[in-house]
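Here the structure comes first, spelled out in structure tokens, and everything after it is commentary.
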Amino acid sequence: MGDGAVPGLKVDRGIPSQLARVPEVATALEDQGYDGCWTGEINHDPFLPLLLAAEHTTRLEIGTSIAVAFARNPMTVANIGWDLQAYSGGRFILGLGTQIQPHIEKRFSMPWSHPVGRMREFVAALREIWSCWHDGTPLRFEGEFYTHKIMTPMFVPEPQPHGVPKIFIAAVGEAMTRMCGEVADGLLAHAFTTKRYLDEVTTPALLEGMARTGRRRRDFQVSCPVFVVTGETAEDVRAAAVATRKQLAFYGSTPAYRRVLELHGWGDLHSELHRLSRLGEWDAMGALIDDEVLDAFAVVAPLDTVAAKLRARCDGVIDRVLPAFPAGVPDATVTDVLHELRGLPAAVGRSHP
């Protein structure tokens, strides 16, 4: 493997947020050969399931995708990140996202401003806190949004030999993506992403950010969920397509993701989806996602070619993939696809600097 190569594709999966289900699911994912598991922050805490996943596995990486940064402060996140890194033996990935202004202000009752600058500072503060604990450097962080200047010995956690967690940042827009390339260890792409958007928007912005700080693409990971429309019967595939169209319509109605549609010349689709969403016309919205749009956002294939199409979707840009299979596909079948995906060579050589 040359100096510019990226290690082989990692295949991850989400784990449930219901704590009672985590041990069984995490153990099964490790047994099935997955590389990592992720939690989201929706209706449960994103960190607690990872503690259980760490306890019941030995190899599986664990991560948040995402934890809402602006609902917290760097010190509290530093504490939980340090503890999960220690308990998991160095397997924790801290995935952070901004959420959007209404949720930060009206759900979490926290301040919102300058999301790119605030996230940059959040990450810088985290690294200084961890440096204080890991290397013994004095804590003297003072920024525009966060200040951390007190750290007496009583509040320093016990040393641990696994280093500090990797930090991944969720990014869609170019400014957040450039900043991610400057300061983070990985990028969490949104499920509402096409390969063209990754190639033409995400990757150039990411590499521009890396160039600013002299970083290399081979030391960085891009993680991305990918919708999979497949099934054991034609009816299964049809049902999966209907469900995926509805999900894509929901995302497509959101102004934050309009740019993805506009890149493909589908800006009018966003406008109509947004209009219908305000009327609550969810079924009508799904019907607007035609086959061309579905194919751009999802891998649509029979089970025997899903692995090849997934690999083609990932080649050259995605380092960690979370295939989102329809609920009706048996776990054994999904595992077979995973093993086939692992055995396939990359169709496009990677040549990242």
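Take the position in the sequence shown, starting the count at 1, then add 329; the result is the number in our numbering.
Each residue gets a CB set at the ideal place from its N, CA and C atoms; glycine is no exception.
Per-residue burial, residue i [other beta carbons within 10 Å of its own, 16 or more giving buried]
| i | result |
| --- | --- |
| Trp459 | buried |
| Phe654 | buried |
| Ala500 | buried |
| Ser552 | buried |
| Asp620 | exposed |
| Gln430 | exposed |
| Asp597 | exposed |
| Leu608 | exposed |
| Asp548 | exposed |
| Pro467 | exposed |
| Ile479 | exposed |
Cβ separation of residue i and residue j, assumed to be a contact under 8 Å, to the nearest whole Å
| i | j | result |
| --- | --- | --- |
| Ile496 | Ala518 | Wrong, their Cβ atoms sit about 15 Å apart, outside the cutoff. |
| Glu537 | Arg574 | With 8 Å as the limit, Glu537 and Arg574 do not qualify as a contact, their Cβ atoms being about 34 Å apart. |
| Thr531 | Glu511 | About 14 Å; that fails the 8 Å criterion. |
| Ala572 | Gly560 | Rounded, the Cβ-Cβ distance is 11 Å, inconsistent with contact. |
| Asp341 | Leu670 | Contact doesn't hold; Cβ gap of about 12 Å is too wide. |
| Leu338 | Ala407 | Contact flag wrong, Cβ pair sits at about 31 Å. |
DSSP-derived helix/strand/coil call for residue i
| i | result |
| --- | --- |
| Leu516 | strand |
| Ile391 | strand |
| Glu537 | helix |
| Arg342 | strand |
| Val501 | coil |
| Arg679 | Residue confidence for Arg679 is low, a pLDDT of 46 falling below 50, so the modelled location carries little weight; the figure read from the coordinates is stated next. Of the three classes helix, strand and coil, the one that applies to Arg679 here is coil, per DSSP. |
| Ala606 | Contrary to the premise, residue 606 reads as Ser rather than Ala in this sequence. The answer is helix: DSSP assigns Ser606 an H, G or I state. |
| Trp595 | coil |
| Gly365 | strand |
| Pro336 | Bear in mind that a pLDDT of 47 at Pro336, under 50, signals an unreliable position, so the number given afterwards is only what the model happens to contain. In this structure, Pro336 counts as coil in the three-state DSSP scheme. |
| Ala585 | helix |
Handout entry: Stretch-stretch touch, CB-based, cutoff 8 Å, three pairs: the stretch 381 to 397 with the stretch 450 to 463
Key = These segments do not touch.
Exercise for the section: Run through the stretch 616 to 651 for me and flag every whole beta strand (DSSP E) of 3 or more residues, listed as ranges in chain order. Expected result: If we require 3 residues or more, the beta strand (DSSP E) runs fully inside the stretch 616 to 651 come out as 627 to 629.
Handout entry: Runs of beta strand (DSSP E) wholly within the stretch 404 to 490 (minimum 3 residues, chain order)
Key = Listed in chain order, they are 421 to 426.
Exercise for the section: Tell me, please, whether the stretch 463 to 482 touches the stretch 583 to 594 by the rule of three or more beta-carbon pairs shorter than 8 Å. Expected result: Counting C-beta pairs with one atom in each stretch, the stretch 463 to 482 and the stretch 583 to 594 have fewer than three that are closer than 8 Å, which means they do not touch.
Exercise for the section: Indicate whether the contact test is met: 3 or more Cβ pairs, each with one atom in the stretch 600 to 619 and one in the stretch 577 to 585, closer than 8 Å. Expected result: Counting Cβ pairs under 8 Å, three or more are found: they touch.
Exercise for the section: Tell me, please, whether the stretch 431 to 448 touches the stretch 392 to 407 by the rule of three or more beta-carbon pairs shorter than 8 Å. Expected result: Taking a cut-off of 8 Å for Cβ pairs, the stretch 431 to 448 and the stretch 392 to 407 touch, as three or more such pairs fall below it.
Practice task
Count the C-beta pairs between the stretch 410 to 418 and the stretch 466 to 481 that are closer than 8 Å, then say yes if the count reaches three, no if not.
Solution key: By the Cβ criterion, the stretch 410 to 418 is not in contact with the stretch 466 to 481, since fewer than three pairs of Cβ atoms, one from each stretch, lie closer than 8 Å.
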